[in-house]
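S.K.: Protein chains in written order, with my numbering: chain A, 1 to 232; chain B, 1 to 232. Glycine residues also receive a C-beta, built at the ideal position from the N, C-alpha and C atoms.
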DNA sequence: GTCTATAAAGTGATAGAC
DNA sequence: GTCTATCACTTTATAGAC
């Protein structure tokens, strides 16, 4: 399902991908010019068009170089999880871990700094769906579909529609966690403690597990949420 | 604390703000030129510099025109909540509602389409903290501080650091909910049901309440999350 | 494959007429 | 306040030499 598209291991094409990735992460996709990229990659300005055809195509390739291994690791982790729990539903925490951890673990294989890596991922996910490159959209669709089935099995009493939305909220928290760690410190005068990513990840998994599970058990006697009018 | 800065109700300055807001929402902050804005506002190209001094300053003003009423409504709702529960901690659901609902309710006062309004808010929050206009950063800091205190009162057993991170995850889900409703439908072949915002909001509040509360009560016998090694 | 040179269009900002 | 004309750059993309 997920084709393995190969990427150059060296040469000017590789240097262009590296440079593009770094600059896109730092400044955002719109704010980087072909000249910025070729300057950092130490090639001539024509190289981008020669190797990729256009700036847009290079942008798509840089995204794909990330997302392909992330997608593959997600699916592999989920499969190995299902094998381990053969037939039975896997624990919710472990499914969420399989979805989130690859975004973190792929960082080690990158030559970008950790901070930049997360920014790049954040920028990819912050794109509107309709201007993601088609192959990336296809991958995300497949990942969502596979994980939805796993979640549905683990939470048989939650409706399909509820589950989709909860997974959506989870995705938002996940992206925010990766991309705005620095914002958190800035906006709270450094009281977030700057923990390791492993600690943050386990905090997130607890949060998301509780959120996904909410409403599963027989309706707790919660004080029936607001929704009412305020005297504002 | 939050100064009330006035914005023009008519005239070319107002038209420029309207046009900028619409285009920034549609295409993103980097992708809109002064000429795009003046064309839509039906002014000459010099008008932006005459009225605002620079493109950047106009961008900041457009953001502020949103965020000021949102911030004011958030603080007002929280205050009225605390008055209502005089002394006692307000229910978690109601605090979250006070934080999230203003982002939705301000849509009615806007002349943008609902879809565009949410996109604009998403773009503001997707900015890196260090390139938000200073007054906006100040407002966010104040809001976070006020709501953190309310959350801490409602969840006295959760550590300050845990709470900060859970609030951070909540913020991510909130932004994602507002800005990527269309993506959800696109990536799930429309099985999210396109519910009204009111329904989505109450789904989100349930999710976030559960996530924030997680771990409050005496450590549930959860199967101790993953964190372990995988055979991948 | 790599490069320079350049075309063609777009950019933010401003001077100066009205 | 509004406008046109224009400056001084930067942009993507490409032609054509090596």
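1) Suppose you measure from the CA of residue 47 of chain B to the CA of residue 173 of chain A; what does that come to, to the nearest Å?
2) Under a three-way DSSP split, which group does residue 42 of chain B fall into?
3) Within its chain, find whatever has a CB closer than 7 Å to the CB of residue 208 of chain A; leave out the 5 residues flanking it on each side and keep chain order.
4) Note down, in chain order, each residue of its chain lying with its Cβ closer than 6 Å to the Cβ of residue 15 of chain A, except the 5 sequence neighbours on either side.
5) Using only the alpha-carbon positions, how far apart do residue 195 of chain A and residue 100 of chain B sit?
6) Output, in sequence order along the chain, the residues in the stretch 47 to 64 of chain B whose CB is closer than 7 Å to any CB in chain A.
7) Please report how far the alpha carbon of residue 53 of chain B lies from the alpha carbon of residue 63 of chain B, in whole angstroms.
8) Got a sec, what are the start and stop residues for the alpha helix (DSSP H) residue 139 of chain B sits in?
9) Does DSSP put residue 85 of chain B in a helix, a strand or coil?
10) So, is residue 228 of chain B buried or exposed, given that buried needs 16 or more other C-beta atoms within 10 angstroms?
11) Whether or not the stretch 173 to 191 of chain B and the stretch 129 to 148 of chain A are in contact is what I'm after, with contact meaning three or more pairs of Cβ atoms, one per stretch, closer than 8 Å; do they touch?
12) Going by CA-CA distance only, name the one from B:127, B:88, B:128 that's closest to residue 153 of chain B.
13) Please confirm whether residue 192 of chain B has its beta-carbon closer than 7 Å to some beta-carbon of chain A.
14) Tell me which same chain residues have a C-beta within less than 6 Å of the C-beta of residue 197 of chain A, skipping the five on either side of it?
15) Cutting at 6 Å between CB atoms, please list the residues of its own chain near residue 6 of chain B, excluding the five before and the five after it.
16) Please tell me whether residue 214 of chain B has its Cβ less than 7 Å away from any Cβ of chain A.
17) For the stretch 18 to 28 of chain A and the stretch 120 to 139 of chain A, state whether three or more C-beta atom pairs, one from each stretch, are separated by less than 8 Å.
18) Using a Cβ-Cβ cut-off of 8 Å (strictly less than) and excluding sequence neighbours within five positions of residue 205 of chain A, which residues of its own chain qualify?
19) Give the residues of chain B in contact with residue 140 of chain A, contact being defined as C-beta atoms less than 7 Å apart.
20) Residues of the stretch 162 to 174 of chain A with a CB closer than 8 Å to any CB of chain B: list them in chain order, please.
21) Note down, in chain order, each residue of its chain lying with its Cβ closer than 7 Å to the Cβ of residue 176 of chain B, except the 5 sequence neighbours on either side.
22) Measure from the C-beta of residue 117 of chain A to each C-beta in chain B and report whether the shortest distance is under 7 Å.
23) Using CA atoms only, rank isn't needed, just tell me which of A:162, A:19, A:179 is closest to residue 38 of chain A.
24) Per DSSP, what kind of secondary structure is residue 8 of chain A in: helix, strand or coil?
25) Reducing DSSP to helix, strand and coil, say where residue 29 of chain B ends up.
26) Would residue 82 of chain A and residue 102 of chain A qualify as a contact pair, given that the criterion is a beta-carbon distance under 7 Å?
27) Buried or exposed: which applies to residue 145 of chain A, given that a residue is buried once 16 or more other Cβ atoms fall within 10 Å of its Cβ?
28) Thinking C-alpha only, which one of A:58, A:179, A:148, A:157 is nearest residue 129 of chain B?
29) The ligand GTP heavy atoms versus the CB of residue 92 of chain A: any closer than 6 Å?
30) Does the Cβ of residue 134 of chain A have 16 or more other Cβ atoms within 10 Å, making it buried, or fewer, making it exposed?
31) For residue 234 of chain A, which of A:150, A:78, A:34, A:70 has the nearest alpha-carbon?
M.R.: So, from the listed chains and residues:
1) In the second chain, the residue the question calls residue 47 of chain B occupies position 47. In the first chain, the residue the question calls residue 173 of chain A occupies position 173. Approximately 40 Å between the Cα atoms of the pair.
2) On the second chain, position 42 is the one that residue 42 of chain B refers to. Note: residue 42 of chain B maps to coil in three-state DSSP.
3) Reading the first chain from its first residue, position 208 is the one you call residue 208 of chain A. Closer than 7 Å at the Cβ level, and outside the excluded window around residue 208 of chain A, lie 96, 170, 173.
4) As a first step, residue 15 of chain A is located in the first chain; it is residue number 15 there, counting from the start. Here the set comprises 41.
5) Position 195 of the first chain, counting from 1, holds the residue named residue 195 of chain A. Position 100 of the second chain, counting from 1, holds the residue named residue 100 of chain B. Each residue's Cα considered, the two are about 27 Å apart.
6) none
7) If you number the second chain from 1, residue 53 of chain B lands on position 53. If you number the second chain from 1, residue 63 of chain B lands on position 63. If I take the Cα positions, the gap works out to 16 Å.
8) Your numbering for residue 139 of chain B matches position 139 in the second chain. Run containing residue 139 of chain B: 134 to 154, per the alpha helix (DSSP H) assignment.
9) Taking the first residue of the second chain as position 1, residue 85 of chain B is located at position 85. Three-state result, residue 85 of chain B: coil.
10) In the second chain, counting from the first residue as 1, residue 228 of chain B sits at position 228. The predicted position of residue 228 of chain B is uncertain, since its pLDDT is 35 and thus under 50; no value can be drawn from it.
11) yes
12) Numbered from 1 along the second chain, position 153 holds the residue referred to as residue 153 of chain B. Comparing Cα-Cα distances from residue 153 of chain B to each of B:127, B:88, B:128, the minimum goes to B:88.
13) Taking the second chain and counting its residues from 1, the one referred to as residue 192 of chain B is at position 192. So, interface residue.
14) Walking along the first chain from the start, residue 197 of chain A turns up at place 197. Result list for residue 197 of chain A: 104, in chain order.
15) Indexing the second chain from 1 puts residue 6 of chain B at position 6. So no residue of the chain qualifies.
16) Locating residue 214 of chain B in the second chain gives position 214, counting from the first residue. Residue 214 of chain B counts as touching chain A.
17) yes
18) Position 205 of the first chain, counted from the first residue, corresponds to residue 205 of chain A. Cβ within range, chain order: 93, 96, 97, 100.
19) As a position in the first chain, residue 140 of chain A is number 140, starting the count at 1. Neighbours of residue 140 of chain A on chain B, chain order: 187.
20) 162, 164, 165, 166, 168, 169, 170, 171, 172, 173, 174
21) For the purposes of this step, residue 176 of chain B is taken as residue 176 along the second chain, with counting starting at 1. Excluding positions up to five away in sequence, the list is empty.
22) Stepping through the first chain from its first residue, residue 117 of chain A is reached at position 117. For residue 117 of chain A, the answer is no, since every Cβ of chain B falls outside 7 Å of its Cβ.
23) Walking along the first chain from the start, residue 38 of chain A turns up at place 38. If we check each option's Cα against that of residue 38 of chain A, A:19 comes out closest.
24) Locating residue 8 of chain A in the first chain gives position 8, counting from the first residue. If DSSP states are grouped into helix, strand and coil, residue 8 of chain A belongs with coil.
25) Taking the second chain and counting its residues from 1, the one referred to as residue 29 of chain B is at position 29. Coil at residue 29 of chain B, not helix or strand.
26) Locating residue 82 of chain A in the first chain gives position 82, where the first residue counts as 1. Locating residue 102 of chain A in the first chain gives position 102, where the first residue counts as 1. In this structure, residue 102 of chain A does not lie closer than 7 Å to residue 82 of chain A by Cβ.
27) For this step, residue 145 of chain A is matched to residue 145 along the first chain. Residue 145 of chain A should be labelled exposed.
28) Residue 129 of chain B sits at position 129 when you count from the first residue of the second chain. For residue 129 of chain B, the nearest C-alpha among the options comes from A:179.
29) With respect to the ligand GTP, the structure shown offers nothing to examine, as it has no ligands at all.
30) Taking the first residue of the first chain as 1, we reach residue 134 of chain A at position 134. Looking at its Cβ environment, which holds fewer than 16 other Cβ atoms inside 10 Å, residue 134 of chain A is exposed.
31) In the structure as shown, chain A starts at 1 and stops at 232, and residue 234 of chain A therefore has no counterpart that could be examined.
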